Amino acid sequence: MDESQPCSRRTFLRRSASGMARLGALSAAAPLGLSEWWASGLRAAQERFPVVASEPWGRLFRLGDGVWSLVSNPHGDRTTLCNGGIVQGRSGVVIIESFASDAGFEWMAEQARLLTGQGPTHVVLTHYHGDHTGGLAAVGRSGAELLATPVTRDYARSNRGAPNPVLNRATPLDTIRPTEIDLGGRSLILVPRRGHTDSDLTVEIAEPSVVFCGDLVWNEMFPNYMDATPSRLGQAVTLIRASQAGTYVPGHGPLADGQALEVYLQLLLHVEAAAMEALQAGITAEEAGAAYRLPEGLEAWTSFGDDYFTRAIRAWMEETVRP
């Protein structure tokens with residue numbers, strides 16, 4: 000589905016002021032740091048879903064009949080690094096993401112064989128970042144059909160060590176309209192979106208009610224704005240939340256429900272408000288990032304990098320002043 004155009008600077012200023020009013024003054028919460036969030040997130044997920052496989056790099060949860068989700072450990076073994084999943088139908092098996100390494104994809108493909116009796120017939124990429132595309136050479140060796148938008152395919156070619164022959168064989172997905180993949184008795188809807196990058200996908204399943212969000216959604220982790228268009232990111236997450244899915248699989252962090260997505264949306268508004276305040280004060284993204292504190296209640300959220308606050312505020316600043 001197509002999404003609305005980026006907001007004008009005037010619209011941004013008005014909306015940011017509204018967001019600040021809703022959120023109140025920027026919180027004096029403690030700086031981001033490592034915590035027991037990983038263990039607590041796993042415990043919460045295990046209360047809802049059984050674990051079918053566990054390794055140092057992550058745990059594979061059964062979300063329902065024929066649907067499994069990998070939640071990767073972001074702070075240890077990086078074999079898989081990102082979250083993803085396995086979806087089974089009568090005539091096919093989809094793996095969502097190729098993960099951070101060939102070993103990561105091969106492990107997921109083996110889990111698919113153990114759980115479904117067959118290897119993957121399709122692999123879907125939600126976007127082009129290396130932690131989601133690092134296993135593409137293994138995808139090529141598996142014989143599975145690779146599905147990606149043309150934008151994802153083309154950008155992925157620039158990743159270090161990208162297997163261009165595999166990318167050249169990828170089936171291009173529509174960047175405007177959703178694509179339905181019929182697996183026999185189950186359909187996956189691949190919805191093109193934008194926000195985290197110029198070309199993102201969500202993978203949506205009706206039963207059980209699950210959305211694989213890619214990196215449009217992070218849970219209990221501060222998101223990476225490296226290639227983000229912040230206004231579109233907020234729009235995309237709002238639309239994802241409107242699906243009223245039972246379970247959201249974020250690109251990174253523990254499995255999420257609707258309440259977790261509401262918290263994430265408020266965080267995005269909080270970042271927007273901080274960027275607006277910095278612009279009005281005439282300070283740099285680096286200064287604003289150093290001063291930024293997470294909203295109250297999110298003190299335990301973690302991050303992949305110390306510069307993520309600065310990245311986020313800079314992304315908003317650059318979009319706002321763009322003609």
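Under numbering that gives the first Met the number 0, the first residue of the sequence shown carries the number 0, and numbering increases by one thereafter. Glycine residues also receive a C-beta, built at the ideal position from the N, C-alpha and C atoms. Quantities reported herein were computed from a predicted structural model and do not represent experimental measurements.
Test item: CB-CB of residue i and residue j under 7 Å
i: glycine 119; j: alanine 108; result: It should be noted that the sequence gives proline, not glycine, for residue 119. Closer than 7 Å, so yes.
i: aspartate 197; j: valine 150; result: yes
i: alanine 102; j: threonine 78; result: yes
i: valine 216; j: threonine 246; result: no
i: arginine 240; j: glycine 194; result: no
i: alanine 274; j: tryptophan 300; result: no
i: leucine 80; j: aspartate 130; result: yes
i: glycine 139; j: serine 100; result: no
i: leucine 166; j: arginine 176; result: no
i: leucine 254; j: alanine 111; result: no
i: leucine 146; j: leucine 172; result: yes
i: alanine 281; j: asparagine 82; result: Checking the sequence shown, residue 281 turns out to be glycine, not alanine. For glycine 281 and asparagine 82, no; Cβs fall outside 7 Å.
i: glycine 213; j: histidine 126; result: yes
i: glycine 252; j: asparagine 218; result: yes
Residue i versus the options, residue with shortest Cα-Cα distance
i: asparagine 223; options: Phe303, Arg89, Arg112 and Val122; result: Phe303
i: leucine 297; options: Leu267, Thr283, Pro322 and Ala314; result: Leu267
i: tryptophan 67; options: Pro207, Leu80 and Gly129; result: Pro207
i: valine 270; options: Ala280, Gly245, Gln258 and Ala311; result: Ala311
i: glycine 88; options: Ser97, Phe98 and Gly116; result: Gly116
i: valine 236; options: Thr132, Ala259, His128 and Met225; result: Ala259
i: leucine 264; options: Glu285, Leu238, Leu278 and Pro49; result: Leu238
i: phenylalanine 98; options: Thr132, Val86 and Ser90; result: Thr132
i: leucine 278; options: Val320, Asp226, Gly252 and Gly65; result: Val320
i: aspartate 305; options: Pro294, Gly160 and Met225; result: Met225
i: threonine 178; options: Arg168, Ile204, Arg159 and Asn158; result: Ile204
i: isoleucine 188; options: Val93, Val262, Pro322 and Glu46; result: Val93
Other residues of its chain near residue i: CB distance less than 8 Å, five sequence neighbours each side excluded
i: glutamate 144; result: Thr120, His121, Val122 and Thr170
i: alanine 24; result: Unreliable placement is indicated for alanine 24, whose pLDDT of 33 sits below 50; the coordinate value is still reported in the next sentence. Excluding positions up to five away in sequence, the list is empty.
i: alanine 174; result: Here the sequence assigns threonine to residue 174, which means alanine is not the residue at that position. The answer, listed in chain order, is Thr148, Pro149, Val150, Pro191 and Ser198.
i: histidine 163; result: The residue you asked about is not histidine; residue 163 is asparagine in the sequence shown. Within the same chain, asparagine 163 has close Cβ partners Arg156.
i: leucine 22; result: Residue confidence is low: leucine 22 scores 35 on pLDDT, short of 50, so the model does not pin down where it sits. Its coordinate-derived value is still stated next. Same-chain partners within the cutoff: Gln265, Leu268, His269, Ala272 and Pro294.
i: glutamate 317; result: none
i: arginine 159; result: Gly129
i: glutamate 261; result: Arg240
Proximal residues to residue i (C-beta, below 6 Å), its chain only, five neighbours per side dropped
i: aspartate 76; result: Pro55 and Trp56
i: glutamine 243; result: none
i: asparagine 72; result: Trp56 and Gly57
i: phenylalanine 211; result: Gly84, Ile95, Val202 and Val248
i: glutamate 105; result: Ala137
i: tyrosine 154; result: Tyr127
i: phenylalanine 308; result: Gly288 and Tyr291
i: glycine 65; result: Gln87
i: alanine 161; result: Ala155
i: isoleucine 180; result: Leu187
i: arginine 168; result: none
i: leucine 33; result: Because the pLDDT of leucine 33 is 41, which lies under 50, any placement of that residue in the model is unreliable, and the number read from its coordinates should be weighed accordingly. Closer than 6 Å at Cβ, skipping near neighbours: Thr301.
Cβ neighbours of residue i in the same chain (closer than 7 Å, five flanking residues each side left out)
i: leucine 62; result: Phe48, Ser68, Pro207, Val209 and Thr246
i: glycine 91; result: Thr120, His121, Leu182 and Gly183
i: methionine 220; result: Pro73, His251, Gly252, Trp300, Thr301 and Ser302
i: alanine 227; result: Gly194, His195 and Ala314
i: proline 229; result: Glu271, Ala314, Trp315 and Glu318
i: glutamate 285; result: Thr309
i: serine 141; result: Ala108, Gly118 and Pro119
i: threonine 283; result: none
i: leucine 31; result: Legend: pLDDT at leucine 31 = 40, less than 50; position of this residue unreliable, no value from coordinates given.
Original post:
Three or more beta-carbon pairs under 8 Å between the stretch 52-61 and the stretch 183-197, yes or no?
Top reply: no
Subject >> Inter-stretch contact at 8 Å, needing at least 3 Cβ pairs: the stretch 278-291 / the stretch 195-209 >> reply: no
Original post:
Which runs of the alpha helix (DSSP H) spanning at least 4 residues fall entirely within the stretch 152-178, listed in chain order?
Top reply: 163-167
**OP:** Ignoring anything shorter than 4 residues or poking outside the stretch 256-286, list the alpha helix (DSSP H) runs there in chain order.
**Re:** 257-280
**OP:** Just list the alpha helix (DSSP H) runs in the stretch 82-126, keeping only unbroken ones of 4 residues or longer that don't cross its boundaries, in chain order.
**Re:** 101-115
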